[in-house]
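K.L.:
Structure in structure tokens, see below.
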Amino acid sequence: MKVIAAYSIKGGVGKTSTAVNLAYLAAQSGYRTLVWDLDPQGASSYYFRVKPKIKGGSKELIAGERELDGLIKATDFENLDLLPADFSFRNLDLVLDTRKKPTQRLKKLLQPLSDSYDFIFLDCPPNISLLSEAIFETSDILLSPIIPTTLSLRTLEQLKTFIKENKLKDLKLIPFFSMADRRKKMHREIMETLSEKHPDILQTAIPYASDIERMGLERMPLGGYTNKSRSTEAYQALWQEILATIN
Amino acid sequence: MTALPLHFELPEHMAAEKFLSKLGKKIDFQIASEQYATKTFYDSFDWRLYSAGILCELNQSKSASHISLIDRNTGKCLALENQQEVPSFSNQFQDGRLKTQLDPILEMRALLPLCQLPYQIFHINVLNKDQKTTVRIKLEAYENLGSRISLQPLKGYEKAVARVSQLLEKSLALVPTQSSILNSALKLQGRKAQDYSSKLVIKLDPELRADRASKVIYRALLKSIKINEAGTIADIDTEFLHDYRVAIRRTRAGLSQIKNVFPDSIVTQYASFFAWLGQITSATRDLDVYLLNYQQYKAALPKSLQEDITPLYTFLKQKQKQAQTELATHLKNPNYIKQLLAWEQFLKEPLPEKGCSNAANLTIKELADQRIWKVYKRLIKEANEITEDSPAESLHDLRKTCKKLRYLMEFFQSLYPADEIKALIKALKGFQSVLGDFQDYEVQENSLKKFSAEMMANKVESNTFLAMGVLVQYLDSMRNAARHDFAKQYKLFKQEENRIVFKSLFAPQIEVKKS
Ligand SMILES: Nc1ncnc2c1ncn2[C@@H]1O[C@H](COP(=O)(O)OP(=O)(O)OP(=O)(O)O)[C@@H](O)[C@H]1O
Ligand SMILES: [Mg+2]
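Sequence order for the protein chains is A and B. Be aware that the first sequence starts at 1, since it is given in this note's numbering, and climbs by one per residue. Be aware that the second sequence starts at 248, since it is given in this note's numbering, and climbs by one per residue.
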């Protein structure tokens, strides 16, 4: 079982789109896959048409009173399940803080699922908080979308410093460009300089595209309503690149 | 709480469309796909998958073709792979769940098609108000066999599937079903599942006159001979010939061991016919056994020699093919067919009012008691005489006696309390197997020596002979191990507990004096 967190300090960068679409591709190629919607806004639950509600809310969940397995919902896609969000997740930080080893909590909760899934995608809320630290401890990969803007360099470096300072040796950070618009000169230039400075940024960039934006209307992963487009190919290439770094 | 019904039959004259329109009045659904397809069921000749609670199907449509293994009781899919056709043997499957599940069950047996069913399949998604699928329904409409509904529950939507199941049973009055469409298809062919087993099952009435009962036994054996004949000729897998030969051997044992129930002339005539059959089929079977053992042979070699043994495989394969061709020719010969028919005719004929001898006029129970007790005593006597230094021949003779006893006990199994006779047969089998090993390893050793002489002519690499030498040594050590094991196995067999049961089942009754 590999845990992949779609994470960024910033909001609206494409975390949810990444988690949902990559999970879909993983499931399509036969991997038993789970998406855990950790964001109280419940965007990925919405995309899979599942109510963003779990019995007992964040309190019982974090206390370990409910087994994760009993909260999981099958999506409409083969091999792809969802652990829905709940509005109470907005208090996850506070609830975690009442525990002894708060940053170990998620890892412990996911442990019993290790035989049932090949990949678990975490759709994370933006921010850096106690929850993010718990996410870092649980994840094998921190997949971080970057919109090519001037601010993004600083954000990436902040994240790298944090990982270093907290000695998260087992965590592999994989940054990639998201919502990239090659028609914009600024995007192209930033992508160039950033890639030079940070060669660990993946080759594949997810383009800014209207068919990706349409996910909110269709309420399903891109592959569910688009057969083949520049966007589907970009996600496919991204997934292959990630698989290659894992192996 | 009883398990939720997930499989239903549609009433005979309800077409798929009618069902869908009825369903549409009750719930919101969407037809995800609608296709014409063909379903072919596969199993080994001896129903190994069915007996293990598994169905193997190949489903073919225009757009897809896949093999799946289904749990016969729950209808759950155990493994699924996209494949165009079903390979004959489990080791020809690509590595994966299908292969790992099939291999230990099928072993050397071939998969054969049982029946092919054209059908129309609808994949239906039951939707909630968010248009999210909560239950999947599969509707399969078969030609001549009606239609079937299966519900596929989705994780986290247990209430929804319970609701749909209720709806089908209560509101639409569908009948839940446990039995697979395979059973209905077989019925239409006039067949039944598990209509062949290599185990001998003969039910005898203990009061039946011995000669009549003997005919019942021979008829069961003849049935086995005939049913395995075509597969033997076509060489579908090794077990057709194996079961064919077992039936021949049992018939021969019957003719020699169920003594004096038929006129001597009959016994001599057919004893020699069946001896001939045993002889013309033996070369092929021996080669089959070497080929079946091949992986074990290979594994017994040091790693560095394992590839060098390959020419032996090629050699055996070629020899087997030759022997098989000869065997097939014999079994297609009119003379063979004529003799077998004559035997069948003899078995069908009614017997004279009075049997041909005293033995023939006994009840079968009396005769069975006598014969088994006599051969058992002989076995004990022969086995007791064996020491550490006894020559191989005495063990070989003992093995023959064991076989005779075993066949007699199997013929007459139904005349004795099932638990007790089963336990004795099992004990005998264990003992017999050490004697069998001892002899088989010796035969294999000698054959290998003979093969290497023949292979000399084929320009085979010296390392191959080296490997075969190592193999001979391995077989020799196995044979010695079997020889050493003899005393222990015999002790196990003749233990008090078994002796008492043998005596109580078969020994002549002696009046017990009451004190
Ligand atoms: N490649 C893209 N092209 C165009 N629109 C996109 C693309 N990726 C995401 N979007 C749109 O941008 C918005 C934000 O994307 P998304 O929800 O994936 O980001 P996020 O990082 O998860 O946001 P949040 O921080 O709010 O959880 C959504 O409306 C989405 O449809
Ligand atoms: Mg999001």
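Ideal placement from N, C-alpha and C gives every residue a C-beta, glycine not left out.
So is A:K73 in contact with chain B if we call contact Cβ pairs under 8 Å?
P.N.:
Position 73 of the first sequence, counted from the start, is the residue given in the question as residue 73 of chain A. Taking Cβ atoms only, chain B reaches closer than 8 Å to A:K73, which makes this a yes.
K.L.:
For B:F733, which residues in the same chain have their Cβ closer than 8 Å to its Cβ, ignoring the five residues on either side in sequence?
P.N.:
Working through the second sequence from its first residue, we reach residue 733 of chain B at position 486. Cβ neighbours of B:F733 beyond the five flanking positions: I633, L642, V681, L682, F685.
K.L.:
By the three-class DSSP mapping on this structure, what secondary structure does B:W523 have?
P.N.:
By one-based count along the second sequence, residue 523 of chain B stands at place 276. Three-state result, B:W523: helix.
K.L.:
In whole angstroms, what separates the C-alpha of A:G30 from that of B:P351?
P.N.:
Translated into positions along the first sequence, residue 30 of chain A becomes position 30. Translated into positions along the second sequence, residue 351 of chain B becomes position 104. In a straight line, the C-alpha of A:G30 is about 25 Å away from that of B:P351.
K.L.:
Would you verify that the beta carbon of B:Q378 is, or is not, closer than 8 Å to some beta carbon of chain A?
P.N.:
Taking the first residue of the second sequence as 1, we reach residue 378 of chain B at position 131. It does: the Cβ of B:Q378 has a partner Cβ on chain A nearer than 8 Å.
K.L.:
From B:K286 to B:S308, what does the alpha carbon distance come to, in whole angstroms?
P.N.:
Locating residue 286 of chain B in the second sequence gives position 39, counting from the first residue. Locating residue 308 of chain B in the second sequence gives position 61, counting from the first residue. Looking at the backbone, the Cα of B:K286 and that of B:S308 are separated by about 9 Å.
K.L.:
What number of angstroms, rounded off, separates the C-alpha of B:I556 from the C-alpha of B:V707?
P.N.:
Position 309 of the second sequence, counting from 1, holds the residue named residue 556 of chain B. Position 460 of the second sequence, counting from 1, holds the residue named residue 707 of chain B. Annotation: B:I556 to B:V707 spans about 10 Å, alpha carbon to alpha carbon.
K.L.:
Can you name the residues of chain A whose CB is closer than 7 Å to the CB of B:L401?
P.N.:
Position 154 of the second sequence, counting from 1, holds the residue named residue 401 of chain B. In chain order: A74.
K.L.:
Which of the three DSSP states is assigned to B:V382 in this structure?
P.N.:
Position 135 of the second sequence, counting from 1, holds the residue named residue 382 of chain B. Strand at B:V382.
K.L.:
What does a CB cutoff of less than 6 Å around A:D181 pick up in its chain, not counting 5 residues either side in sequence?
P.N.:
In the first sequence, counting from the first residue as 1, residue 181 of chain A sits at position 181. Result list for A:D181: H187, Y208, in chain order.
K.L.:
Name, please, each residue of chain B whose Cβ falls closer than 7 Å to the Cβ of A:R49.
P.N.:
Taking the first residue of the first sequence as position 1, residue 49 of chain A is located at position 49. The contacting residues are D377, Q378, K379.
K.L.:
Tell me the start and end of each unbroken alpha helix (DSSP H) in the region 35-120 of chain A that is at least 4 residues and wholly inside, in chain order.
P.N.:
43-47, 57-63, 92-97, 105-110
K.L.:
Quick check: is any heavy atom of ligand 1 less than 7 Å from the C-beta of A:Q41?
P.N.:
As a working note, residue 41 of chain A is residue 41 in the first sequence. For A:Q41, the CB falls within less than 7 Å of some heavy atom of ligand 1.
K.L.:
In chain order, what residues of the region 75-108 of chain A put their CB closer than 7 Å to some CB of chain B?
P.N.:
Taking 7 Å as the Cβ-Cβ cut-off against chain B, the residues of the region 75-108 of chain A that qualify are D76, D81.
K.L.:
Hey, is the region 254-274 of chain B in contact with the region 329-346 of chain B, meaning 3+ C-beta pairs nearer than 8 Å?
P.N.:
Touching, no.
K.L.:
Give the interface partners of B:Y404 over in chain A, defined as CB-CB distance under 8 Å, in chain order.
P.N.:
For the purposes of this step, residue 404 of chain B is taken as the residue at position 157 of the second sequence. Simply K73, A74.
K.L.:
What do you reckon, is the C-beta of A:Y24 under 7 Å from a heavy atom of ligand 1?
P.N.:
On the first sequence, position 24 is the one that residue 24 of chain A refers to. It does not: the Cβ of A:Y24 is nowhere closer than 7 Å to a heavy atom of ligand 1.
K.L.:
Is the separation between the beta-carbon of A:A6 and that of A:A27 shorter than 8 Å?
P.N.:
In the first sequence, counting from the first residue as 1, residue 6 of chain A sits at position 6. In the first sequence, counting from the first residue as 1, residue 27 of chain A sits at position 27. No, they are not a contact pair.
K.L.:
Which two residues bound the contiguous beta strand (DSSP E) that contains B:N306?
P.N.:
For this step, residue 306 of chain B is matched to residue 59 along the second sequence. Taken as a continuous stretch (DSSP letters only), the beta strand (DSSP E) holding B:N306 covers 301-308.
K.L.:
If we call anything under 8 Å between Cβ atoms a contact, is B:T711 one with B:L587?
P.N.:
Taking the first residue of the second sequence as 1, we reach residue 711 of chain B at position 464. Taking the first residue of the second sequence as 1, we reach residue 587 of chain B at position 340. Between B:T711 and B:L587, the gap from beta carbon to beta carbon reaches 8 Å or more.
K.L.:
Look up B:N769 in the DSSP assignment and give the residues it is bridged to.
P.N.:
Coverage of chain B is limited to positions 248 through 762, which leaves residue 769 of chain B absent and any answer about it impossible.
K.L.:
Quick check: what's the CA-CA separation for B:L433 versus B:G393?
P.N.:
Working through the second sequence from its first residue, we reach residue 433 of chain B at position 186. Working through the second sequence from its first residue, we reach residue 393 of chain B at position 146. Cα-Cα distance, rounded: 14 Å.
K.L.:
Tell me, please, whether the region 352-365 of chain B touches the region 249-262 of chain B by the rule of three or more beta-carbon pairs shorter than 8 Å.
P.N.:
no
K.L.:
In chain order, what residues of the same chain lie with their CB nearer than 6 Å to the CB of A:K53, ignoring the 5 residues before and after it?
P.N.:
The residue you call residue 53 of chain A lines up with position 53 of the first sequence. Result list for A:K53: D86, in chain order.
K.L.:
Candidates B:D377, B:S637, B:N372, B:A714: which alpha carbon is nearest B:I384's?
P.N.:
In the second sequence, the residue the question calls residue 384 of chain B occupies position 137. Nearest option by C-alpha distance: B:N372.
K.L.:
DSSP has B:A704 in a bridge; who is on the other side?
P.N.:
Taking the second sequence and counting its residues from 1, one reaches residue 704 of chain B at position 457. DSSP, once it has assigned bridges, lists no residue as partnering B:A704.
K.L.:
Buried or exposed for A:E78, going by 16 or more other Cβ atoms inside 10 Å?
P.N.:
By 1-based counting over the first sequence, the position of residue 78 of chain A is 78. Its Cβ having fewer than 16 others within 10 Å, A:E78 is exposed.
K.L.:
Between A:K107 and ligand 4, is there a pair consisting of the residue's CB and a ligand heavy atom that are separated by less than 7 Å?
P.N.:
Because ligand 4 does not appear in the structure shown, any question about it cannot be addressed here, the ligands present being ligand 1 and ligand 2.
K.L.:
Closer than 7 Å to a non-hydrogen atom of ligand 2 - does that hold for the CB of A:K15?
P.N.:
Counting from one through the first sequence, the residue named residue 15 of chain A turns up at place 15. Placement of the Cβ of A:K15 at a distance of less than 7 Å from at least one heavy atom of ligand 2 is found.
K.L.:
Should B:D636 be labelled buried (16 or more other beta-carbon atoms within 10 Å of its own) or exposed?
P.N.:
Walking along the second sequence from the start, residue 636 of chain B turns up at place 389. Exposed: under 16 other Cβ atoms inside 10 Å.
K.L.:
For a minimum of 4 consecutive residues, which ranges assigned as the alpha helix (DSSP H) are wholly contained in the region 416-478 of chain B?
P.N.:
Listed in chain order, the alpha helix (DSSP H) runs fully inside the region 416-478 of chain B are 428-435, counting runs of at least 4 residues.
K.L.:
If you check the beta carbons only, do B:S315 and B:L327 fall under 8 Å apart?
P.N.:
Residue numbering aside, residue 315 of chain B sits at position 68 when the second sequence is read from its first letter. Residue numbering aside, residue 327 of chain B sits at position 80 when the second sequence is read from its first letter. Going by C-beta atoms, B:S315 is nearer than 8 Å to B:L327.
K.L.:
Along the beta strand (DSSP E) that carries B:D275, what are the first and last residues, could you check?
P.N.:
Position 28 of the second sequence holds residue 275 of chain B. Counting along the chain, no beta strand (DSSP E) covers B:D275, and no H or E run does either.
K.L.:
What does the Cβ neighbour count give for A:Y235, buried or exposed, with the cut at 16 atoms within 10 Å?
P.N.:
Translated into the one-based positions of the first sequence, residue 235 of chain A becomes position 235. By the 10 Å Cβ count, A:Y235 comes out buried.
K.L.:
Can you tell me whether A:Y225 is buried or exposed? The criterion is at least 16 other CB atoms within 10 Å of its CB, across all chains shown.
P.N.:
Taking the first residue of the first sequence as position 1, residue 225 of chain A is located at position 225. With fewer than 16 Cβ atoms within 10 Å of its Cβ, A:Y225 is classed as exposed.
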